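Residue numbering for the sequence shown follows this note's numbering, beginning at 71 and increasing consecutively.
Single-structure report; data block below.
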Amino acid sequence: MRNSLLLLFSIFGFWLSGQECFFHLEVFSEGEPLPNALIEWENQIVGSTGPDGHFIYEGPCRSGAITIRASGCIPKIVAPELRSKDIQTVNLQPDPLMLNEVVISGTRTDRRRIDNPVAVNVLDRKTLVITQSNSLADGICFQPGLRVETDCQTCNYTQVRMNGLGGSYSQILIDSRPIFTSLMSLYGLEIVPSEQIERVEVVRGGGSALFGANAIAGTINIITRTPEKNGFGLQYSPSLIGGSAVDQVWTGHGTLVTPDRKFGLTVTGNHRERDAFDANDDGYSEIPEIMNNSLGLNSFWRPNNHHKVHLSAWRLHEYRRGGNRFDLPADQADQSEERTHDIWAGTLDYSFTPSDLPFEITAYFGGQHTLRDHYTGIEQSPGWGNTVSSSLMGGIQLDHTMMIGNSINRLTLGAETQWEDTYDAIPAYQYLIDQITRMDGIFLQSDWDLDQRWTLLSGVRYNQHNLVESGIFTPRIGLLFKPTQKWQIRGSWSQGFKPPQAFETDMHIAFAGGGISYIRIDPNLKAEHSNSFNLSVDANFPTPRYIWGFTVDGFLTSLVDPFILEEGPADDEGNQVLIRKNGPTATVAGITLETRGNYDRIIQVDAGVTFQIAEYESPIAWSADIKPETSFLRTPETYGFMTLQIYPENNLNGSLSSVFTGPMKVPHFAGAPEQPVDELILSRSFLEINLRVAYKQRIPNTPLTWEIFGGVQNLLNAYQSDFDTGRYRDSNYIYGPSRPRTLFIGINIQGSRSGS
Numbered sequence: 071m072r073n074s075l076l077l078l079f080s081i082f083g084f085w086l087s088g089q090e091c092f093f094h095l096e097v098f099s100e101g102e103p104l105p106n107a108l109i110e111w112e113n114q115i116v117g118s119t120g121p122d123g124h125f126i127y128e129g130p131c132r133s134g135a136i137t138i139r140a141s142g143c144i145p146k147i148v149a150p151e152l153r154s155k156d157i158q159t160v161n162l163q164p165d166p167l168m169l170n171e172v173v174i175s176g177t178r179t180d181r182r183r184i185d186n187p188v189a190v191n192v193l194d195r196k197t198l199v200i201t202q203s204n205s206l207a208d209g210i211c212f213q214p215g216l217r218v219e220t221d222c223q224t225c226n227y228t229q230v231r232m233n234g235l236g237g238s239y240s241q242i243l244i245d246s247r248p249i250f251t252s253l254m255s256l257y258g259l260e261i262v263p264s265e266q267i268e269r270v271e272v273v274r275g276g277g278s279a280l281f282g283a284n285a286i287a288g289t290i291n292i293i294t295r296t297p298e299k300n301g302f303g304l305q306y307s308p309s310l311i312g313g314s315a316v317d318q319v320w321t322g323h324g325t326l327v328t329p330d331r332k333f334g335l336t337v338t339g340n341h342r343e344r345d346a347f348d349a350n351d352d353g354y355s356e357i358p359e360i361m362n363n364s365l366g367l368n369s370f371w372r373p374n375n376h377h378k379v380h381l382s383a384w385r386l387h388e389y390r391r392g393g394n395r396f397d398l399p400a401d402q403a404d405q406s407e408e409r410t411h412d413i414w415a416g417t418l419d420y421s422f423t424p425s426d427l428p429f430e431i432t433a434y435f436g437g438q439h440t441l442r443d444h445y446t447g448i449e450q451s452p453g454w455g456n457t458v459s460s461s462l463m464g465g466i467q468l469d470h471t472m473m474i475g476n477s478i479n480r481l482t483l484g485a486e487t488q489w490e491d492t493y494d495a496i497p498a499y500q501y502l503i504d505q506i507t508r509m510d511g512i513f514l515q516s517d518w519d520l521d522q523r524w525t526l527l528s529g530v531r532y533n534q535h536n537l538v539e540s541g542i543f544t545p546r547i548g549l550l551f552k553p554t555q556k557w558q559i560r561g562s563w564s565q566g567f568k569p570p571q572a573f574e575t576d577m578h579i580a581f582a583g584g585g586i587s588y589i590r591i592d593p594n595l596k597a598e599h600s601n602s603f604n605l606s607v608d609a610n611f612p613t614p615r616y617i618w619g620f621t622v623d624g625f626l627t628s629l630v631d632p633f634i635l636e637e638g639p640a641d642d643e644g645n646q647v648l649i650r651k652n653g654p655t656a657t658v659a660g661i662t663l664e665t666r667g668n669y670d671r672i673i674q675v676d677a678g679v680t681f682q683i684a685e686y687e688s689p690i691a692w693s694a695d696i697k698p699e700t701s702f703l704r705t706p707e708t709y710g711f712m713t714l715q716i717y718p719e720n721n722l723n724g725s726l727s728s729v730f731t732g733p734m735k736v737p738h739f740a741g742a743p744e745q746p747v748d749e750l751i752l753s754r755s756f757l758e759i760n761l762r763v764a765y766k767q768r769i770p771n772t773p774l775t776w777e778i779f780g781g782v783q784n785l786l787n788a789y790q791s792d793f794d795t796g797r798y799r800d801s802n803y804i805y806g807p808s809r810p811r812t813l814f815i816g817i818n819i820q821g822s823r824s825g826s
């Protein structure tokens, strides 16, 4: 059919030249009008559908095919009557695997996933819903090559590991801007509610050529919930953790979009209350109590077709406390960690697209300010502290599309500056981080479609960091080859760096050896550098009834002067001190296998598994009492995920999801009654299985739908069973799933102008 349409347009191409054409299209998807669908004629965009899904063309006739494209839908070639004002209806089928979704993270420009020279994985809202993910930390593990780990038994701070590298090797962005600071990374994965997230775009492999420092493992771009159509939603979901601790979450959102789509606003809200959970009945919590509130907004304003303003803003407040004696103030408990966070964050973008020139200019700004009051103490010690963290960034980007013969080259040129001020102090422990960092960068990228099969991506960024003596170049080059529409082969190489500054783990105080444990930075610490290589093969096979595909992705990252932690001399109070210093060259290499499929939009499956090795060239002395170790600690050689969605009928759906974590070496410091010496433990494997069932029904004669749902997380109760006990426990000795078996129920009410 496709070839017949192309032949038809070719035959009449000469006759159409110089003639006037007019036609009227009405574009739908799943019975709903489809706004912002692009109408492409002769490989040029001639317009887009309005808010009601309509498009009217009046102008010169062209030769070639007319293609309609929309994010999340399968493109469709159409042959409308070119001289008819009758409305002609076109239906686009949803793309069940989201292969045609438009993403921005790979190249900093809008690109369809399937055509992107950089592989981009997307965690969408649907996955957050079916996995019952209340926060970013709950949902991000359902992506290939990513693993979320909890690193403190008392406060439960988390980090996301990508391709075997720790949290500080991945750069977290909010609406494409690097305002997620080191302090926010400490608890932010759990503080950020899923209600505020539209999708999360993940790029594995070095991305420093575009985004600056600390993107050695990749980037995680949180896209906040965007205004699409008028509507609202309210949800309440209580859970029961381990049969004793109650976790309640209230969420809500509302969206307003003007009929001309020149203005849109989405407001989201979230409130959560969670009781502390004691897993081993020793009177001390393994999961802290939490109370948080959040408010977010995302808006756009288009005064005309040439100008657009986009604003997003967050206000987050969280109180968390772990330890014991919750009926008393934190400094009267036997052991306690208490944190109160107040976070303000936002981004502002302005885009200008001239009508007579093929380029776009974007100026952008972002900032974040966090206040943290915290207590970390044992036996009523005066361990009070406070933290102030602020960050600002701004930049300008020019995107220019040019024709070189029959090829298209998209050039991106930009400059930006980032500034961060971090102050963290606990006077009683003589602990202090007082650090200002600034990085200025300029970048240039060429995204060149050489022909229909080959795309060459090349780019370089020059960085000037105030903690690094000389400027640093971080290049990146990638190649996409599409032998057919079903296959994509991608290869890339990039360099990256980490400046010698404090990261999230440096602002965490743990308990160990009957006192506290904290990190100090070696005054001679120098920048870390990396070389990253990726090679992947994608294949997708669509048919009228089903689509399935797979990805094989190989990765190798070499780290020069990597940051390591070694045990140093105890301080004057006998507390454990870990020194962050440069270590020997290290290599992380592995392979990630993915598969995906959808049958008749009734069953959909997504799964991924990673096999890897991570080794230093020479051993690291993580403990003065134990033989040094070459392997990366807390890094399993195998891990993966799976999600299965079933839609037996329109109103009923179910989902099954799982996360697998293989064995890993975990350090265990002495101090607890059952742990007299430092030891390196090989953990067992964990398979976490989650089940969710939901029933949805429209309320007659109203624009409302209601949904009830329920299920269980960690069905098999795969949970750590050898936690330390008592006040002298090693609080960093925690691994495996973040929660025991948890039952949940909930109700959701949605309303929209169309009643869907």
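Every residue, glycine too, gets a C-beta built ideally from N, C-alpha and C.
In this text the structure is predicted, and so the values were computed from the model without any measurement.
Here's a check: name, in chain order, each residue in its chain whose Cβ is nearer than 6 Å to the Cβ of residue i, leaving out the five neighbours to either side.
i	result
S446	The question names Ser, yet the displayed sequence has Thr at residue 446. These residues qualify, in order along the chain: E407, G453, I579.
G782	Looking at the sequence provided, one finds Val at residue 782 rather than Gly. Once the five neighbours on either side are set aside, the close Cβ partners of V782 are L761, L813.
N233	G215, R274, A287, F625
I126	H94
Per DSSP, residue i is paired with what?
i	result
L304	G322, I819
S628	N601, T657
A415	W384, Q438
P545	V530
T487	G464, D510
K651	I634
R181	V173
Y239	Y239 is not bridged to any residue.
N368	T336, S382
R590	I649
A433	Y420, I466
K146	I138
D426	Note: D426 sits in no beta bridge, so no partner.
Provide the residue span of the beta strand (DSSP E) that contains residue i, from first to last.
i	result
V188	Run containing V188: none; DSSP gives neither H nor E here.
T457	454–474
D521	Taken as a continuous stretch (DSSP letters only), D521 belongs to no beta strand (DSSP E), as it is neither H nor E.
G209	Segment 206–209 is the alpha helix (DSSP H) holding G209; no beta strand (DSSP E) there.
K568	557–568
F92	90–99
Quick check on residue i: buried or exposed, where buried means 16 or more other Cβ atoms within 10 Å of its Cβ?
i	result
K697	exposed
N645	buried
K556	exposed
V658	buried
G806	buried
Q522	exposed
T23	This structure does not reach residue 23, given that the chain is present from 71 up to 826, and the question cannot be answered.
E128	exposed
T507	buried
V622	exposed
E598	buried
V319	buried
Have a look at the options and flag the residue whose alpha-carbon is nearest the alpha-carbon of residue i.
i	options	result
R754	I769, N720, V736, R762	V736
Y227	S801, I478, R811	S801
F788	N771, P773, S808, R650	Just to set this straight, residue 788 is Ala in the shown sequence, not Phe. Considering only alpha carbons, the answer is S808.
G583	D748, P297, A572	D748
E636	K378, S600, W692	W692
F611	S240, Q558, P150	Q558
I290	S238, T321, E265	S238
Q715	T137, S528, L198, I157	L198
Under 7 Å Cβ to Cβ from residue i, same chain only, skipping five residues before and after it: list those, please.
i	result
D348	Y354, S355, E356
Y532	G511, I512, G541, F543
R72	Residue confidence for R72 is low, a pLDDT of 46 falling below 50, so the modelled location carries little weight; the figure read from the coordinates is stated next. For R72, where only same-chain residues beyond five positions count, the Cβ hits under 7 Å are I147.
A740	G583, P746, V747, D748
G101	none
In chain order, what residues of the same chain have a beta carbon less than 8 Å from the beta carbon of residue i, not counting five sequence neighbours either side?
i	result
Y669	R615, Y616
If I follow the unbroken alpha helix (DSSP H) through residue i, where does it start and stop?
i	result
E260	252–261
T197	195–200
Quick one: is residue i near chain C, going by C-beta distance under 8 Å?
i	result
A485	Looking for chain C here will not work: only one protein chain is present.
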